[in-house]
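Reviewing the structure listed below.
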Amino acid sequence: SLNAQVVHSAGRRFIVSPVPESRLREP
Amino acid sequence: AEDTGVRVELAEEDNGRKSTIALRLWVEDPKKLKGKPKDNGAIEFTFDLEKETPEDVAQEMVESGFFHESDVKIVGKSIRDRVALIQWRRSRIR
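Here it is as structure tokens:
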């Protein structure tokens, strides 16, 4: 479901994309 | 701002004039959430600084299945913290 779009009934569009590697926290 | 484990950033440069901004939200630390988030991707969305509230967005994300109902507050707070910072920077520039 990455790079997916979800449109909420209120009309807002949520675009899902991979988190940039650089932004992932070190475990 | 408190570290909620949910990261919210500007998805594009803020020119300080438009009332609608683009934000991007993702879970940095899933352990901080009560429910299991649906995706581990970044969720990009627009937000109207004048007409909408962070809680609106958080509720819509829960209703869209991204987060569990029990996490609506922490998601709302994460968005609110970032929006407050953007508004503070805008007031400082003005």
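From first to last, the protein sequence lines are chains A and B. Just so we're aligned, residue 20 is where the first sequence starts under our numbering, counting upward by one. Just so we're aligned, residue 6 is where the second sequence starts under our numbering, counting upward by one. In this text, a Cβ means the ideal position worked out from N, Cα and C, and glycines have one as well.
Nearest-angstrom beta carbon gap, residue j and residue i [assumed within contact, 8 Å]
i	j	result
I84 of chain B	L30 of chain B	7 Å
V32 of chain B	N45 of chain B	7 Å
I79 of chain B	V13 of chain B	Not a contact, Cβ separation roughly 11 Å.
G81 of chain B	E60 of chain B	4 Å
R31 of chain A	Q24 of chain A	Between Q24 of chain A and R31 of chain A the Cβ distance is about 11 Å, and since that is not below 8 Å, they are no contact.
A47 of chain B	V38 of chain A	5 Å
Distance CB(residue i)-CB(residue j) smaller than 8 Å
i	j	result
P35 of chain B	F71 of chain B	no
F52 of chain B	V88 of chain B	yes
D19 of chain B	I91 of chain B	yes
Interface partners of residue i on chain B, CB under 7 Å
i	result
S36 of chain A	G46, A47, E49
Bounding residues of the alpha helix (DSSP H) (the contiguous stretch that carries residue i)
i	result
A63 of chain B	59-68
V77 of chain B	77-98
Partner residues on chain A for residue i, Cβ-Cβ distance less than 9 Å
i	result
E74 of chain B	Residues of chain A passing the Cβ test: none, with the nearest at roughly 15 Å.
W93 of chain B	What W93 of chain B touches in chain A: nothing, since even the nearest Cβ is about 23 Å away.
Neighbour list for residue i in chain A, Cβ cutoff strictly below 8 Å
i	result
S69 of chain B	V25, H27, F33
Start and end residues, beta strand (DSSP E) containing residue i
i	result
V13 of chain B	11-15
E49 of chain B	47-53
A23 of chain A	A23 of chain A -> no beta strand (DSSP E), and no H or E assigned at all.
F33 of chain A	32-36
Closer than 7 Å at the beta carbon, the chain A residues around residue i
i	result
E65 of chain B	H27, A29, R31
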